[in-house]
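Accompanying notes for the structure given below.
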Ligand SMILES: [Zn+2]
Ligand SMILES: [Zn+2]
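In the working numbering, the protein residues as written are 1 to 255.
Below, the structure is given as structure tokens:
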């Protein structure tokens, strides 16, 4: 069964049907969802969801958009949450130079601090990067001392850089954009990444795949992401589902 390795089900767009949606996941072929924090509020909401539902796991962290809201006490709070059973990762963290919602030096500072936190609490990281490919790579390379593991979420970079990340011990996760008609590079990445290094995700409620582009995204649509990747690689849907399920469990230590 598929795992949606990255969703934001705490988003207010799920307020009217969150409970039903989560309870129906299994009937719709989704075994579990990793719900991702983006600031302190959504990290707390993520942990609550994970502790309420068996099929939800949580990541806690502060997105580069909200880096300017961070201080040392934020790290301490994240550290406390990191110790909970159902918290499986620090994220999403990284750099976003497209929106620049936080100053770039502040984004870099708190990205590095959260990487150190992840090493300290021995959890993998979920990396968000947009228009900041080289800076993200350099920071991760510098931080990698053998203890860092994680995933580049909604990966949109080159095949070459994906391979460099894999060499560094990271996984590559693909989302809705791989289904878009003009997604030549994403499809090349989908084909090139070793099957044991690949994850699938929706980033719900954002990035809705074809054929539902424009609507609210939800975890069951991860099947379109998986379907496109399987087709691109010339393997069966089942083989892709099995491999990405195994990879997600391995990375996040979910047995
Ligand atoms: Zn993201
Ligand atoms: Zn996200």
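Just so it is clear, CB atoms sit at the ideal spot from N, CA and C, and this is done for glycine as well.
Let me check understanding here. Comparing Cα to Cα, which of 151, 160, 187 and 155 lies closest to residue 170?
Considering only alpha carbons, the answer is 151.
For residue 129, which residues does DSSP report across the bridge?
Per DSSP, 95.
From the DSSP output, read off the bridge partner residues of residue 33.
BP columns for residue 33 point to 4 and 56.
Could you check whether residue 189 and residue 230 sit closer than 7 angstroms to each other, using their CB atoms as the reference points?
No, Cβ-Cβ distance for residue 230 and residue 189 is not below 7 angstroms.
What is the DSSP secondary structure of residue 183, reduced to helix, strand or coil?
The answer is coil: DSSP assigns residue 183 none of H, G, I, E or B.
Take residue 156 as the anchor and find which of 136, 146, 168 and 144 has the nearest alpha-carbon.
When only C-alpha atoms are compared, the closest one is 136.
State buried or exposed for residue 145, treating a residue as buried only when at least 16 other CB atoms are found within 10 Å of its CB.
So residue 145 counts as exposed.
Are three or more beta carbon pairs between the region 116 to 133 and the region 85 to 105 nearer than 8 angstroms?
Taking 8 angstroms as the limit for Cβ pairs, the verdict is that the region 85 to 105 does touch the region 116 to 133.
Taking 6 angstroms as the limit between beta carbons, can you name the residues of its chain near residue 118, skipping five residues before and five after?
Hits under 6 angstroms: 90 and 125.
Would you mind sorting residue 223 into buried or exposed? The rule is 16 or more other CB atoms within 10 Å of its CB.
Residue 223 should be labelled buried.
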